[in-house]
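**Q** Here it is, the structure in full.
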Amino acid sequence: IVPFCLHVNKQISRSESTNLKGCPHTFGDVLYTKHRKITCFCLHWALNYCDNLLNTSFFFAALIQSVRMEMTGEVVSCSSENIYPAPEVAWSTDPLSGPETLQNSTVKTPDSKGLYILESRVRILGNVFDYAYFCSVISADKAQVWTTSIKKTEELIGEAGRELSIPCIAPQNLQNFSLTWTFTRTNDPTVILSYDSSTRRTSNLWEGSAGLEKDQVLMSKGSLLLHNPESEEHSGTYTCTFTGFQRRHMVQTQVNITARRPTAGVTNVMADHMLWMIPAVSTLLWQSLWNYIH
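full-length UniProt numbering puts the sequence shown at residues 1 to 294.
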């Protein structure tokens, strides 16, 4: 890859001009010359070359690489970093809510290299399970739009030993996506499985204990099946993440696996046993009462 800079509106490659001298400065470095200072910027975010032509303005764009979201307490937060120029942010919900109800607080802070860190948050509307929240980070030239969304679903209660389906549906059909399920019981999430729609291959670290409904996953429905859950071992937070081109959607579900209930046969045996004991207990009580009176 040949890094290049923008000279006015013309792209100048370092290999095309003897006047350009590459120097491994980082974003935002300032070069002082006899005539004026030049801020050194380059287009390719990973290759920090700059050019020190006098009386020349250089511009660069550090592209959006990812957008993170999380829900904590009563707040949904959205963040991204290493972006230039400063991006814009837009919030929405599903179902739709009025723009006056979804007020966001956004801070854009340049780091030591001149790249921007974006942090934005909104307050949760109503019940935490009512809405999916969408955060779109938009580049200054509107050429890039990265959208991440998050949704919490109501608690699922299952029974030990009985198969349980944990639903996960993307907000729209995705093309060439990956799907990842993770499980969190304390702090650190562990990966359960991952699926790649382009290869239709699944990497399952819980083989035999969990799996996907493969006939549904191509329609952006990635429900997870727990085949034989144990009460303590499989109780916790399950998160599914759909990832497509400049798009990510997460669904979090708290699952509580209760102890296995007695079967009907066991219940009947216990009931018969209790019925057999009633006459004996009654006889013992009458004998005790007779002895007390006399």
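Quick reminder that beta carbons are idealized off the backbone N, C-alpha and C, glycines included.
With DSSP collapsed to three states, give me the class of residue 188.
**A** Residue state, collapsed to three classes: coil.
**Q** Can you find a CB in chain D that lies within less than 8 angstroms of the CB of residue 231?
**A** The structure shown contains no chain D; it is built from a single protein chain.
**Q** Would you list the one or two residues that DSSP bridges to residue 176?
**A** For residue 176, which the question treats as bridged, DSSP gives no partner whatsoever.
**Q** With C-beta atoms as the reference, is residue 205 less than 8 angstroms away from residue 213?
**A** Contact: no.
**Q** Could you pull out every unbroken beta strand (DSSP E) segment of at least 3 residues lying fully inside the segment 60 to 134, listed in chain order?
**A** Runs found: 68 to 72, 75 to 83, 88 to 94, 104 to 110, 116 to 123.
**Q** Which two residues bound the contiguous beta strand (DSSP E) that contains residue 151?
**A** Taken as a continuous stretch (DSSP letters only), the beta strand (DSSP E) holding residue 151 covers 145 to 159.
**Q** Would you identify the three-state DSSP class for residue 183, choosing helix, strand or coil?
**A** Three-state DSSP puts residue 183 in a strand.
**Q** Taking contact to mean 3 or more Cβ pairs, one atom from each stretch, closer than 8 angstroms, check whether the segment 174 to 183 and the segment 145 to 162 are in contact.
**A** In short, these stretches do not touch, since the Cβ pair count stays below three.
**Q** Report the residue from 82, 72, 217 whose alpha carbon sits nearest the alpha carbon of residue 300.
**A** This structure does not reach residue 300, given that the chain is present from 1 up to 294, and the question cannot be answered.
**Q** Might you give, ordered along the chain, the residues of its own chain that have their beta carbon closer than 7 angstroms to the beta carbon of residue 191, omitting 5 neighbours on each side?
**A** The answer, listed in chain order, is 180, 182, 205.
**Q** Select from 67, 140, 125, 235 the residue whose C-alpha is nearest the C-alpha of residue 250.
**A** Nearest option by C-alpha distance: 67.
**Q** Output the distance between the C-alpha atoms of residue 91 and residue 187, rounded to the nearest integer angstrom.
**A** Going from the Cα of residue 91 to the Cα of residue 187 covers about 28 angstroms.
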